[in-house]
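In what follows, a single structure is set out as structure tokens and then discussed.
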Amino acid sequence: MSDPFRLGLISDTHNHFDPRLPSLLRSVDHILHAGDICQDAILVQLEQIAPVTAVLGNNDVGLPLRETEVVEFASKKFLIHHIVNPRVPSDAVRRRLTQVRPDVVVFGHSHQPFAAEVEDVFFINPGYAGRPRFNQPRSLAILELSGSGMRHEFLAL
8 MSDPFRLGLI SDTHNHFDPR LPSLLRSVDH ILHAGDICQD AILVQLEQIA PVTAVLGNND
68 VGLPLRETEV VEFASKKFLI HHIVNPRVPS DAVRRRLTQV RPDVVVFGHS HQPFAAEVED
128 VFFINPGYAG RPRFNQPRSL AILELSGSGM RHEFLAL
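To get this note's numbering, take the position in the sequence shown, counting from 1, and add 7.
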């Protein structure tokens with residue numbers, strides 16, 4: 008059996024590259040950034056760790072990214088989009104869910120870590136990874152894909 012495929016999930020960095028990211032993400036095969044990057048230098052730094060797929064957030068102006076990306080890893084289809092309400096998706100997100108039929112949705116915006124299965128889709132928000140502020144908890148997530156399924160872990164920053 009092959010090794011598990013490990014994804015680093017991050018969102019809402021808001022132009023902040025935490026110095027612990029290289030060590031926390033050193034074992035990942037790919038990084039998914041769910042938006043609010045704010046400066047492309049953040050993506051350049053993340054790409055020094057692993058390949059990156061990223062989407063626009065509501066604070067991203069002028070970055071050459073799309074609002075939604077669909078990628079596949081270890082036979083699992085991922086939809087990455089910044090603003091998602093898993094319990095009550097917007098009409099636009101609902102259309103994408105119907106069209107794409109993802110196994111996993113990675114999102115951000117709320118700055119709150121979240122992981123739950125809703126209508127056979129696993130939704131995960133890695134939380135806020137920006138500068139420390141107002142006692143706001145900061146986190147990212149690791150999602151491990153293997154023959155036995157998926158396992159996620161939130162890591163504090």
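For each residue, glycine too, the CB sits at the ideal point set by N, CA and C. Predicted, not measured: the structure shown is a model, and the values here were computed from it.
- Just measuring C-alpha positions, the residue of H118, A148, R103 and F114 sitting nearest A61 is F114.
- When secondary structure is reduced to three states using DSSP, L162 falls in the strand class.
- The three-state secondary structure of A99, taken from DSSP, is helix.
- Close CB contacts of L72 within its chain, under the 7 Å cut and outside five residues either way in sequence, are with A61, V62 and L63 (chain order).
- Looking only at R145, L70 and F80, the smallest Cα-Cα distance to V51 is reached by L70.
- Judged by their CB atoms, L28 and L150 are not nearer to each other than the 8 Å cut-off.
- Assigned with DSSP and collapsed to three states, I56 falls in coil, not helix or strand.
- Straight across, the Cα-Cα distance linking I87 with T75 is about 6 Å.
- Here the alpha carbons of P133 and Q46 stand approximately 19 Å from one another.
- Relative to the Cα of H116, the nearest Cα in the group E54, V95, I44 and D25 belongs to I44.
- Restricting attention to P58, H23, K83 and L32, the CA atom closest to the CA of F130 is found in K83.
- Approximately 24 Å separates the beta-carbon atoms of D36 and G137; this is outside 8 Å, ruling out the contact.
- Per DSSP, S155 lies in no alpha helix (DSSP H) segment and is marked neither H nor E.
- In terms of CA proximity to H21, A41 leads the group A41, L162 and P11.
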